[in-house]
Amino acid sequence: MTRIALVTGANQGLGFALVRGLAARLAPEDLVLLTGRDTGRVTAAAARVTADPATRSRVEGRVLDVSDPAAVARLAGELGAVDIVLSNAIGPLDPGRPQAEQADVFLDVANGGTHAVLRSFGPVLRAGGRLIVVASSLGALGHLPEALRPRFDGVPLDDVEKAVEDWRSAIHDGTARERGWPEWINAPSKVAQVAAVRAVAAGRREADVAAGTLVAAVCPGLVDTRASRPWFSDFSQAQTPDEAARAVLDLVFAGLDPATYGELVRFGRVLPWHSGAPAA
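Following this note's numbering, the numbering of the sequence shown begins with 832 at its first residue and continues without gaps.
Here it is as structure tokens:
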């Protein structure tokens, strides 16, 4: 049977490395879809993977804006069934600009995109498949102030989406700080991503575990990419995108460990949901 894998945010960085790794590990009859918002970049990136001597499977570029839920739903409907979905798209974030000015684009991609992928591709995921959201260790609930944690803890996806939109409104009306939201928008965004995964996983855990299917979030660790460069001064311990992709793909291709189902996983180990502490 032909397997279909899809990666979002795959023009460059970790997403591109994930496509390369999938194309090297899957069989010649399988298909890897490299997706992104820009037609030219998608086409060029797919051509680069196809020309790579390590590539074994078929690779196709598809234009997909994950911030458009209707577009995500259309692609899921067109494919009908998928085996591997890696939700990796992330919005741009510039430390030189006020984060409130960047919140809409960032949240639309990082959180709206995550929600759209979970809603549209979860139902078409084949038994034994993998639906993985790339997040970070900041996605542990303890990184939020205690008063905000109930908004994301053990709640359905609709409630996670509502919390994100309430936070967005607070950013725009200038009340986010007094309501306890961290100034760095990446932290609550990652918590919301993991909460969304947990919300979806809670409703399908029994059937998925029985079928060997995995729905989870993953922390790839510090990766040296164009997006991360402005935020960190020391990259001596950072991974290349290919190195980071290897650990993610090891999880994808390993047999199902039920302990990882619905959890945030870093280098094969579960990061406890209630771990972490709010940043100073």
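A virtual CB, placed ideally from N, CA and C, is assigned to each residue, including glycine.
Which residues mark the beginning and the end of the beta strand (DSSP E) in which Val894 is found?
Arg889 to Val894
How is Gln1024 classed by DSSP in three states: helix, strand or coil?
DSSP places Gln1024 within a helical segment (H, G or I) once states are collapsed to three.
I'd like the list of long-range same chain contacts for Gln1070, defined as Cβ closer than 8 Å, with 5 residues on each side in sequence excluded.
Pro1051, Gly1052, Leu1053, Val1054 and Asp1055
Residues bridged to Ala1047 by DSSP?
Ile963
Under 9 Å between the Cβ atoms of Leu949 and Ala1027?
yes
Thinking C-alpha only, which one of Gly1043, Ala1110 and Arg868 is nearest Ala1090?
Gly1043
Give me the Cβ distance between Ala841 and Val850, rounded to the nearest whole Å; I'm assuming they're in contact under 8 Å.
5 Å
Could you check the C-alpha separation between Val1046 and Ala941 for me, to the nearest Å?
Straight through space, the alpha carbons of Ala941 and Val1046 are spaced by roughly 17 Å.
Where Asp925 and Asn919 are concerned, what is the direct C-alpha to C-alpha distance, given to the nearest angstrom?
In a straight line, the C-alpha of Asp925 is about 18 Å away from that of Asn919.
Cβ-Cβ distance between Gln933 and Ile1016 below 9 Å:
Result yes, Cβ atoms of Gln933 and Ile1016 sit closer than 9 Å.
Quick one: which unbroken alpha helix (DSSP H) runs of 4-plus residues sit fully inside the segment 904-967? Chain order, please.
930-938 and 944-952
Three or more C-beta pairs under 8 Å: does that hold for the segment 899-915 against the segment 870-878?
no
Only counting the same chain, and skipping five residues up and downstream in sequence, which positions put a Cβ closer than 7 Å to that of Gly911?
Val955
May I ask which residues mark the beginning and end of the alpha helix (DSSP H) holding Ile1002?
If you look at Ile1002, you'll find it in the alpha helix (DSSP H) that goes Leu988 to Asp1004.
Buried or exposed (CB count within 10 angstroms, at least 16 for buried), Ala1018:
buried
If we call anything under 9 Å between Cβ atoms a contact, is Ile963 one with Ala1058?
Inclusion of Ile963 and Ala1058 in the CB contact set at 9 Å is not warranted, their separation being larger than that value.
Ala875 to Arg893 span [Cα, whole Å]
11 Å
Enclosing beta strand (DSSP E) for Val838 [first to last residue]:
Ile835 to Val838
For Ala854, which residues from the same chain have a beta carbon less than 6 Å from its beta carbon, with the 5 sequence-adjacent residues on both sides left out?
Val863, Val880, Thr886, Ser888 and Val890
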